[in-house]
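Student:
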Amino acid sequence: MLDTKGPEIRTGILRDAEPIDLKEGQELDVLTDFSLEGDARRITISYQALPDTVKVGDKIVIDEGQLVLEVKECLEDSVKVIVMNDHTLGEHKNVALPGCQIDLPVLTERDEIDIYDFGFKENIDIVACSFTRKESDIEKISDFLGEKRSSIKIFAKIECKESLDNYEALLRAADGIIIARGDLSREIPSEKVFLAQKWMISEANAVGKPVIVSTEILESMVKKPRPTRAEAGDVAGIILDGVDCLMLTHETSIGKYPINATKMLVKICCEAEKTINYRRIYEDVFSKSKVPFKFSETVASSIANTALDLKIGVLIVFTDTGRAAYILAKYRPRQTIFVCTSSSSVSRQMNVVRGVTPILINARESVEECISRVIAYAKEQGMCADGSKAIVQMSSEGSGLKNDPAEECNMMKVYDI
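Just so we're aligned: 217 in the UniProt record's numbering is position 217 of the sequence shown, and the numbers increase by one with no gaps anywhere.
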């Protein structure tokens, strides 16, 4: 996965590079001439269109939300503001404009260079697009990827109020969603972030697209060997809401306990999954699925329903594009879904789908050989035992689905183990 830096707004340099002390209630000028030095009476930011973007009463949030300014007056090339809280401000701090429509390109020149010079050469599987705001942003990224688009997924990062407002359109256009709730909490009230998160997860689940939650998952473990009880409860709640993946950030990039944090996250996830009511999830997803069903949806829902009632140990899906696996996975069956594919990119992309274990197969292998290999592995891992059953999903064309471009899977077979 390549995470773009995306468009950003930052504060400028300060006189003598010294931090400035700002006091609640004081007036401050925010200038758009980024070449000027700031001081306790004025600061600069890198967004030229600021005076045309904000209006009186709007908030300007700086330095990860630690400084809030309220707009008092908009001039031609500056904005007069009131400082809402005491804060010591350094140079080059990030700036957010909650509720404002910002006119910046979704891909910066730096992003394009990163994707072209690094991403394409390294055969990236997913582009995580920062600060996507509307459906056209996804279209622009897709156009930039060109012929590579067929093998690279685009995930929209939801980081601002505008992207939240346009979430349904972004969900339709993108291949997956990343909820960057740290940035989002600077755009909407903190007490509303959890509700927005639950809604976004539910909507992504309903259409079978992967959804990832990131930021401050186990933040205390940056410095401490154990998480707080609140963090553990938060993680468990996200799992029960239906998220596909959780992304650790500071915990593993700059934290003192990266391995402990990862192991702890796994433990919490496993415990939370023990409490899931899989029948209720199936019925909920089934009721939200678009009707009339396509044939592939009918087969997937039938497999998931059968897996609830019979003594099923594993589910095996043969797919060339991954579409059949996405549809089955959205029903969240209790069993592991083994996705057999001859495509290395599809195999890697499946790692972000909940409950899926990808198996890269040789296109020359027969279906029976692949099934035997998967069942043997599942038995070694304790996922199934003799006497249980496996459900296999495929098209009538066989393991690669090469001759079934629509991937309308039309075969479901139950194997005794």
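From the three backbone atoms N, C-alpha and C, an ideal C-beta is built for every residue, glycine too.
Note the first and the last residue of the continuous alpha helix (DSSP H) segment covering residue 336.
Tutor: Counted from its first residue, the sequence shown places residue 336 at position 336. Per DSSP, residue 336 belongs to no alpha helix (DSSP H) and is neither H nor E.
Student: In the DSSP assignment, find the alpha helix (DSSP H) that holds residue 200 and state where it starts and stops.
Tutor: Taking the sequence shown and counting its residues from 1, the one referred to as residue 200 is at position 200. 190-207 is the span of the alpha helix (DSSP H), which, as asked, contains residue 200.
Student: Helix, strand or coil for residue 272 per DSSP?
Tutor: In the sequence shown, counting from the first residue as 1, residue 272 sits at position 272. In this structure, residue 272 counts as helix in the three-state DSSP scheme.
Student: CB residue 255 to CB residue 221, shorter than 8 angstroms?
Tutor: Locating residue 255 in the sequence shown gives position 255, where the first residue counts as 1. Locating residue 221 in the sequence shown gives position 221, where the first residue counts as 1. Yes. Within cutoff.
Student: Between the region 376-389 and the region 313-322, do at least 3 Cβ pairs fall closer than 8 angstroms?
Tutor: Contact holds: three or more Cβ-Cβ distances are below 8 angstroms.
Student: Determine whether the beta carbon atoms of residue 20 and residue 104 lie at a separation below 8 angstroms.
Tutor: Within the sequence shown, numbered from 1, the residue matching residue 20 stands at position 20. Within the sequence shown, numbered from 1, the residue matching residue 104 stands at position 104. No, the pair does not count as a contact, with Cβ atoms beyond the cut-off.
Student: Which residues in the same chain as residue 160 place their Cβ atom closer than 6 angstroms to its Cβ, once the five residues preceding and following it in sequence are excluded?
Tutor: On the sequence shown, residue 160 is found 160 positions in, with the first residue counted as 1. Hits under 6 angstroms: 187.
Student: Taking the alpha carbon of residue 382 as the reference point, which residue from 369, 417 and 368 has its own alpha carbon closest?
Tutor: The residue you call residue 382 lines up with position 382 of the sequence shown. The candidate whose alpha carbon is nearest that of residue 382 is 417.
Student: What does DSSP give as the partner residue(s) for residue 78 in the beta ladder?
Tutor: If you number the sequence shown from 1, residue 78 lands on position 78. 31.
Student: Could you tell me the distance, in whole angstroms, from the CA atom of residue 149 to the CA atom of residue 142?
Tutor: Here residue 149 corresponds to residue number 149 of the sequence shown, with the count starting at 1. Here residue 142 corresponds to residue number 142 of the sequence shown, with the count starting at 1. Cα-Cα distance, rounded: 6 angstroms.
Student: Mapping the DSSP letters down to three states, classify residue 248 as helix, strand or coil.
Tutor: For the purposes of this step, residue 248 is taken as the residue at position 248 of the sequence shown. Note: residue 248 maps to coil in three-state DSSP.
Student: Return the first residue and the last residue of the alpha helix (DSSP H) that residue 213 is part of.
Tutor: Here the question's residue 213 lines up with position 213 in the sequence shown. Premise fails: residue 213 lies in the beta strand (DSSP E), 211-214, not in any alpha helix (DSSP H).
Student: What did DSSP end up calling residue 85 once you bin it into helix, strand or coil?
Tutor: In the sequence shown, the residue the question calls residue 85 occupies position 85. Residue 85 falls in the coil class under three-state DSSP.
Student: Exposed or buried, residue 123, counting other C-beta atoms within 10 Å across all chains shown (16 or more means buried)?
Tutor: For the purposes of this step, residue 123 is identified with residue 123 of the sequence shown, where counting begins at 1. Label assigned to residue 123: exposed.
Student: Among the candidates 46, 337 and 343, whose CA atom is the shortest distance from the CA of residue 364?
Tutor: As a first step, residue 364 must be located in the sequence shown, where it is residue number 364. For the residues 46, 337 and 343, the minimum Cα distance to residue 364 belongs to 343.
Student: Find the nearest neighbour of residue 15 within the set 38, 369, 1 and 307, judged by alpha-carbon distance.
Tutor: The residue you call residue 15 lines up with position 15 of the sequence shown. Checked all of 38, 369, 1 and 307; the closest Cα to residue 15 is 38.
Student: Rounded to whole angstroms, what is the Cα-Cα separation between residue 2 and residue 25?
Tutor: The count along the sequence shown starts at 1 and reaches residue 2 at position 2. The count along the sequence shown starts at 1 and reaches residue 25 at position 25. For residue 2 and residue 25, the distance between alpha carbons rounds to 42 angstroms.
Student: May I have the straight-line CA-CA distance separating residue 67 from residue 87, to the nearest angstrom?
Tutor: The residue labelled residue 67 in the question sits at position 67 within the sequence shown. The residue labelled residue 87 in the question sits at position 87 within the sequence shown. Taking the straight line from one Cα to the other gives about 6 angstroms.
Student: Can you give me the C-alpha to C-alpha distance between residue 240 and residue 298, rounded to a whole angstrom?
Tutor: The residue you call residue 240 lines up with position 240 of the sequence shown. The residue you call residue 298 lines up with position 298 of the sequence shown. Looking at the two C-alpha atoms, the distance is approximately 25 angstroms.
Student: Suppose you measure from the CA of residue 396 to the CA of residue 49; what does that come to, to the nearest Å?
Tutor: The count along the sequence shown starts at 1 and reaches residue 396 at position 396. The count along the sequence shown starts at 1 and reaches residue 49 at position 49. A caution first: residue 396 carries a pLDDT of 46, below 50, which makes its placement in the model too unreliable to give a value.
Student: Taking a contact to mean a Cβ-Cβ separation below 8 angstroms, would you say residue 384 touches residue 359 in this structure?
Tutor: Within the sequence shown, residue 384 is the residue found at index 384, counting from 1. Within the sequence shown, residue 359 is the residue found at index 359, counting from 1. In this structure, residue 359 does not lie closer than 8 angstroms to residue 384 by Cβ.
Student: Mapping DSSP to helix, strand and coil, what is residue 160?
Tutor: By 1-based counting over the sequence shown, the position of residue 160 is 160. The answer is coil: DSSP assigns residue 160 none of H, G, I, E or B.
Student: Please name the residue or residues paired with residue 59 in a DSSP beta bridge.
Tutor: Counted from its first residue, the sequence shown places residue 59 at position 59. Paired residue(s): 70.
Student: Using only the alpha-carbon positions, how far apart do residue 126 and residue 253 sit?
Tutor: Against the sequence shown, residue 126 aligns to sequence position 126. Against the sequence shown, residue 253 aligns to sequence position 253. Computed Cα separation, rounded: 20 angstroms.
Student: Beta strand (DSSP E) containing residue 384: first to last residue?
Tutor: Here residue 384 is taken as the residue at index 384 of the sequence shown, counted from 1. Counting along the chain, residue 384 falls outside any beta strand (DSSP E), and DSSP gives it neither H nor E.
Student: Assuming residue 9 and residue 46 make a contact with CB atoms under 8 angstroms, what is their CB distance in whole Å?
Tutor: On the sequence shown, residue 9 is found 9 positions in, with the first residue counted as 1. On the sequence shown, residue 46 is found 46 positions in, with the first residue counted as 1. Indeed, because the Cβ distance is near 6 angstroms, the residues count as touching under 8 angstroms.
Student: Helix, strand or coil, according to DSSP, for residue 1 in the structure here?
Tutor: Working through the sequence shown from its first residue, we reach residue 1 at position 1. Three-state result, residue 1: coil.
Student: Specify the secondary structure class of residue 349 as computed by DSSP and reduced to three states.
Tutor: For the purposes of this step, residue 349 is identified with residue 349 of the sequence shown, where counting begins at 1. Note: residue 349 maps to helix in three-state DSSP.
Student: Check the C-beta distance from residue 209 over to residue 176 and give it rounded, since I have them as a contact under 8 angstroms.
Tutor: Mapped onto the sequence shown, residue 209 falls at position 209. Mapped onto the sequence shown, residue 176 falls at position 176. Correct: roughly 5 angstroms between the Cβ atoms.
Student: Does the Cβ-Cβ distance between residue 5 and residue 132 come in under 8 angstroms?
Tutor: Along the sequence shown, read from residue 1 onward, the residue named residue 5 stands at position 5. Along the sequence shown, read from residue 1 onward, the residue named residue 132 stands at position 132. Contact flag unset, no.
Student: In or out: residue 41 buried (at least 16 other Cβ within 10 Å) or exposed?
Tutor: Numbered from 1 along the sequence shown, position 41 holds the residue referred to as residue 41. Exposed.
Student: With 16 other CB atoms within 10 Å as the buried threshold, where does residue 162 fall?
Tutor: Indexing the sequence shown from 1 puts residue 162 at position 162. So residue 162 counts as buried.
Student: Any idea what DSSP makes of residue 313, helix, strand or coil?
Tutor: Here residue 313 refers to the residue found at position 313 when the sequence shown is read from its first residue. Residue state, collapsed to three classes: strand.
Student: Less than 8 angstroms between the C-beta atoms of residue 371 and residue 352, yes or no?
Tutor: Within the sequence shown, residue 371 is the residue found at index 371, counting from 1. Within the sequence shown, residue 352 is the residue found at index 352, counting from 1. Not closer than 8 angstroms, so no.
Student: Quick check: residue 334 and residue 307, are their CB atoms within less than 8 angstroms of each other?
Tutor: Taking the first residue of the sequence shown as 1, we reach residue 334 at position 334. Taking the first residue of the sequence shown as 1, we reach residue 307 at position 307. Their beta carbons are under 8 angstroms apart, which means residue 334 touches residue 307 by this criterion.
Student: Does residue 75 pass the burial test, meaning 16 or more other C-beta atoms within 10 Å, or should it be called exposed?
Tutor: In the sequence shown, the residue the question calls residue 75 occupies position 75. Looking at its Cβ environment, which holds fewer than 16 other Cβ atoms inside 10 Å, residue 75 is exposed.
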